[in-house]
Each structure stands twice: as structure tokens, then as C-alpha cells.
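Below is one structure; the comments refer to it alone.
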Amino acid sequence: MFGLEDLRDISREEVAVVASGIVSMGLEIVAGRVIAPEYGSTIYTWGSILGISMLALSLGYHYGGKKASSIGMKDLETFLIYTSGYILFVMYFGDILLQISSAIPVPAMYAPIIPVTILFAPPTYFLGYISPYAAQLSNKESKGEASGHFYAIGTAGSILGAFGTTFVLVPNFAVDQTYLMFAVLVSLPLIKGRADFRSYWSLIVLILGLLVMQSPTYAQNAVHHESTAYQELTVTQDGNLTTLYLDSSPQSSKYMNSTETPWDYPEYFHIPFLMREDIDKALFIGGGGFVSPQQYAEKGIEVDAVELDPAVVEASKNYFDLKESENLEVHTMDGREFLQNTDEEYDVVVLDAYRTQTVPFHLTTEEFFELIYDKTDDEGIIVSNVVSAPEGPGSEFGKAYYRTASQEFGSTYYFPTRDDNSVQNIEIIASKGEKLSEEELLHRASDYNRRNLSENIRKLREIEASDAQILSDDYAPVERLLNPLIGRQYSVS
Numbered sequence: 102m103f104g105l106e107d108l109r110d111i112s113r114e115e116v117a118v119v120a121s122g123i124v125s126m127g128l129e130i131v132a133g134r135v136i137a138p139e140y141g142s143t144i145y146t147w148g149s150i151l152g153i154s155m156l157a158l159s160l161g162y163h164y165g166g167k168k169a170s171s172i173g174m175k176d177l178e179t180f181l182i183y184t185s186g187y188i189l190f191v192m193y194f195g196d197i198l199l200q201i202s203s204a205i206p207v208p209a210m211y212a213p214i215i216p217v218t219i220l221f222a223p224p225t226y227f228l229g230y231i232s233p234y235a236a237q238l239s240n241k242e243s244k245g246e247a248s249g250h251f252y253a254i255g256t257a258g259s260i261l262g263a264f265g266t267t268f269v270l271v272p273n274f275a276v277d278q279t280y281l282m283f284a285v286l287v288s289l290p291l292i293k294g295r296a297d298f299r300s301y302w303s304l305i306v307l308i309l310g311l312l313v314m315q316s317p318t319y320a321q322n323a324v325h326h327e328s329t330a331y332q333e334l335t336v337t338q339d340g341n342l343t344t345l346y347l348d349s350s351p352q353s354s355k356y357m358n359s360t361e362t363p364w365d366y367p368e369y370f371h372i373p374f375l376m377r378e379d380i381d382k383a384l385f386i387g388g389g390g391f392v393s394p395q396q397y398a399e400k401g402i403e404v405d406a407v408e409l410d411p412a413v414v415e416a417s418k419n420y421f422d423l424k425e426s427e428n429l430e431v432h433t434m435d436g437r438e439f440l441q442n443t444d445e446e447y448d449v450v451v452l453d454a455y456r457t458q459t460v461p462f463h464l465t466t467e468e469f470f471e472l473i474y475d476k477t478d479d480e481g482i483i484v485s486n487v488v489s490a491p492e493g494p495g496s497e498f499g500k501a502y503y504r505t506a507s508q509e510f511g512s513t514y515y516f517p518t519r520d521d522n523s524v525q526n527i528e529i530i531a532s533k534g535e536k537l538s539e540e541e542l543l544h545r546a547s548d549y550n551r552r553n554l555s556e557n558i559r560k561l562r563e564i565e566a567s568d569a570q571i572l573s574d575d576y577a578p579v580e581r582l583l584n585p586l587i588g589r590q591y592s593v594s
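For the sequence shown, my numbering begins at 102 and goes up steadily by one.
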């Protein structure tokens, strides 16, 4: 049985291989957090990360194996230094490199390949040298035994890196802190009995890393920042205005000591009150700062609000005055999962879980709308906040969403929030009831006291979506439909 005394028998080669396995897998996971704010957490982003990582590793294995017969321990140490040094380089200059790569004109679906290659291919390539070098330097009797042993412990390191990065590092540490841990970990096998440059490298890495850790790069008016299990979360305060950002994208904003927001799109969440009188129970999927759920609750409506990220809920309690009550209950889980498990029947369902480049496809499909249909009463209404262009390039996702919702709900409305054709918030409302004309909605709005509501209703637009893609659980190409939005300017309206 393995005991502490056996640690003395672990070779530096074995430590190097385990460390390389941990760091190679950890870098893949961290890459998603680094690339997503600029390019979205899409299938293209993750495909680029996995593909480039595997390519870099395989090249490292190949060339490392070819050179292994003529190497010594100093050669293995050299690649450990290369790896930790490049990780430090990315820690210092990664943001600049990301900005440069985003300016390179390539088709949107291939765009993530460039920053992934620049930031993560070199250290992963260097790590590929470690296992074949270690196998050559080991005292195993046969090449087969050496290869099997080192690839086994390297895989064990990758497993540890996957779980450790996912469940410990990303939820609890900033990206730069995680980089530093990886750089130090890769440097540990350099420590040995005699003192030379290689022995001191891990200490040099730690000192350089701690220097950069002294200068966080969050927004100047940030009052809170954390890396959650799902995203980067930042809360800013500018005067009496508090704003929540998720992966650098603004998600919610409100004035202090109020449930009012400077943005226009949440005002469309009040249009259901013009369509029916007896709204008693509502569901919000996507919490953000929970500003609109609180507005509904203030009207005496029983509200269930579903938010996937518990850190968002906690930040909303601390900075957005979120308080659960008889009328407002918060559920921390996936929105579709909640709908599948609840026995409640809702009058209104508000879907506010979509971002510019990050759209959970399972909340856009006809099967999802069928589920909502079954969980709403005979006059049930859906209000969806999506990001799209109203017409032309960039309108594909908005039109696909509109057409898909129309398959279940007979009366569907399309409200751009701006008068131009820019990428913007578009409010798509679908109802089981009779479709109301713009004139009727304006007439009813005259008796309903909400800021700019009549002006917003006048933005109602008839669109041609008969050729748009119907989204399904089997085929929902939201990334392809959102591709034209990448690189186009968008600000919340």
C-alpha cells in the first residue's frame, strides 16, 4: 500500500510528467474563460481550444519522441522553463495579445483559432516534450514499460487537472492567479540538491507572478469582482447607478434605492399587462440583477425567478437590493430544468437569459416552447429579450427565434428597441391570446403609467421570417446564426 515514505521514491521525471498532465488540461479549461468574453462560449470557441490543444500536444509528443534518444535531464528542465516562462508571458501580456488577435480579419466562426493558437499552443507544445523525455531518462527496463508508466501517470495528472481546475481553481481564483499556480507547478521538478539557475527558477516564477498580481485590471469603478463557476462577474457603481457585468457584458443596471433602470428594454416586460388583466403568477428565466422580477413582485404578483449562477444571486442580494419575499422566490438552477420539474402554471414567462454571443441553445428550441406552452394558462404570454439586428446581416438569430416561438404561440410580436438596423436588444412577445394591433396596444398604454411605453410600442415591426430556421433540440445552430454579430458594435438599449 502506498504511504508517505514512498514519496521519497518518486523521481523528478515522474513529478514533471504529472505536472505536465495537470497543466495541459488546466490550460484548456482556463482558455475557455479567457476567450469567451471576446468570442463567446460557443461551439467554435471550444472546438478551437480542443483542436489546437490536441494539435500542439501531438506535435510535442512527435518531436519530443524523435529527440529523446539524445537528451539529458537538462533538456527536460529546459522545456519546463520554456513552459512556465510562456505562461508568465501570457499572464503579463495576454490581454494585449487577445486585443491584437481580435483585430485580425477572419471569418467569425474561425476567429477563436487565432488567440487560442497564440496564447495556449506554445506552452502546450512544450509540455508535449515532457513525457517522451521522461520515459527516455527513466530507469525502467524496457521502452514499453517506461512509455506505459509515464503516459499512465500523465493521464492521471490530466484527470487531476480537469477536476482541480473545474471545481477548485476557476470558481475560487482569478485567471492570473491560476496562471501563476500552473507556472509554479511546472517549475517544481527543477528543484534539486545543488543550487543553480534551474533550481532557482521556481522561485523566480513565484516572484514575477506575485508582482503582476499586485495590479488587478478590473474596471476603475468596480466594487466587486469574482470568477464564478460560469463566468467573470463584475459589479460597478457610477454615482447612484449600479451595473452588473457578466464576462464584460452589461446584464443589469439600476438606480440605488430604487427598482428603476436607465435601460429601455426592460420596459417591454410590462407589455403583457396591456394584453391581459389577470396576471397573478410570473416566471423569470435569467435573473441578472433581478430588477424586473422585483418590479413584478411590487405589483403583488407571485414571481419565481430562476438563475443558473449562485454567485449572481449573491451579488444581487449585496448590490441590487434583492430580497426574497412572499411574492418573490429565487431558484438557483437551469431554467429548462426548473420548468420540467415544476407543477406551477404561469400567466407570464419572461426569458432574459440570452447574450450577444452566448446563447443557451436549449432555451431557444421548439421543444422548449412546447414546454412553456404546457406550463402557462390559456392566455399565457412569453416575453423574450434577444440580441440581434432587426433586418439584413445579423438578423438570422432573431428571425429564427421569432419563427420558432410562433410554432407554438399564435400571436407573435417583434419589437426592435432602436430605430436603426444596428445590433440591439429585440423584444419578442408571443401569446396564446388574440393578436392586438399597434393601435389597441397604444390605447391601453395610455392608462398604464410606465416610462416610454407608448414610444416603445410604436417600434412594433412586421417581419418576414417564413424562411428562417426553426430551432429544435436536434438542430439549433445558434452559433452559426450569431456569427454575423461578432465584431459589430452593440450596447444595451
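Note that beta-carbon positions come from the ideal geometry of N, C-alpha and C, so glycine has one too.
Backbone CA spacing between residue i and residue j [nearest angstrom]
i      : j      : result
ASN358 : PRO394 : 16 Å
ARG113 : PRO290 : 5 Å
GLU468 : PHE439 : 15 Å
GLY104 : PRO138 : Unreliable placement is indicated for GLY104, whose pLDDT of 47 sits below 50; the coordinate value is still reported in the next sentence. One C-alpha to the other measures close to 44 Å.
SER316 : MET192 : For SER316, the predicted model reports a pLDDT of 48, less than 50, meaning its position is unreliable and no value from the coordinates is stated.
TYR397 : SER259 : 48 Å
ILE254 : TYR162 : 15 Å
GLY165 : LEU177 : 10 Å
GLY495 : GLU541 : 31 Å
VAL276 : SER512 : 46 Å
LEU423 : ILE473 : 26 Å
ASP575 : LEU238 : 50 Å
PRO233 : ILE292 : 20 Å
ILE284 : ILE214 : According to the sequence displayed, residue 284 carries Ala and not Ile. Cα to Cα, ALA284 sits roughly 23 Å from ILE214.
ASN419 : SER350 : 20 Å
PRO585 : SER532 : 29 Å
ARG437 : ASN522 : 31 Å
PHE604 : VAL207 : No statement about residue 604 is possible, as the shown extent of the chain runs from 102 to 594 and does not include it.
ARG295 : MET174 : Below a pLDDT of 50, predicted positions are generally treated as unreliable, and ARG295, at 46, falls in that range; the measurement from the model is reported next regardless. Near 14 Å, if we compare the C-alpha coordinates of MET174 and ARG295.
PRO272 : THR344 : 22 Å
ASP520 : ILE571 : 26 Å
Beta-carbon proximity check, residue i vs residue j, cutoff 9 Å
i      : j      : result
GLU224 : VAL135 : According to the sequence shown, residue 224 is Pro rather than Glu. Their beta carbons are not under 9 Å apart, which means PRO224 does not touch VAL135 by this criterion.
GLU399 : THR360 : yes
VAL431 : ALA257 : no
ASN428 : GLU403 : yes
ILE188 : SER202 : no
THR518 : SER594 : yes
VAL392 : THR362 : yes
SER154 : LEU181 : no
ILE130 : GLY262 : yes
VAL287 : THR184 : yes
GLY596 : ILE587 : In the structure as shown, the chain begins at 102 and stops at 594. Residue 596 is therefore absent and cannot be evaluated.
THR279 : THR267 : no
GLU368 : LEU554 : yes
Backbone secondary structure at residue i - three-state DSSP
i      : result
ILE123 : helix
LEU572 : coil
VAL431 : strand
GLY141 : coil
GLY436 : helix
GLU467 : helix
VAL336 : strand
ASN486 : strand
LYS382 : strand
ALA209 : helix
ASP448 : strand
LEU423 : coil
GLU114 : helix
GLN352 : strand
LEU342 : strand
ALA236 : helix
LEU409 : coil
GLN395 : helix
LEU281 : helix
GLY45  : The first residue shown for the chain is 102 and the last is 594, placing residue 45 beyond what the model contains.
CB contact below 9 Å: residue i versus chain B
i      : result
VAL484 : Structure shown: chain B not included; a single protein chain is present.
Residues bridged to residue i (per DSSP)
i      : result
TYR514 : ILE530
ILE219 : Paired residues: none, contrary to the question.
GLU327 : LEU334
GLU403 : LYS382
Residue i CB to nearest heavy atom of the ligand COA below 8 Å
i      : result
GLU246 : In the structure shown, the ligand COA is absent, as is every other ligand, since no ligand is present at all.
### Query
Can we say the region 375-394 touches the region 536-554, given the rule of at least three CB pairs closer than 8 Å?
yes
### Task
Please confirm if the region 195-205 is in contact with the region 151-169, defined as three or more CB-CB distances below 8 Å between the two stretches.
no
### Query
Between the region 556-576 and the region 498-510, are three or more C-beta pairs nearer than 8 Å?
yes
### Message
Could you check whether the region 143-150 touches the region 577-586, counting it as contact only if at least three pairs of C-beta atoms, one from each stretch, sit closer than 8 Å?
### Response
yes
### Query
Is the region 486-502 close to the region 329-336, with three or more CB pairs under 8 Å?
no
### Message
Count Cβ pairs between the region 445-454 and the region 377-389 that sit closer than 8 Å; are there 3 or more?
### Response
yes
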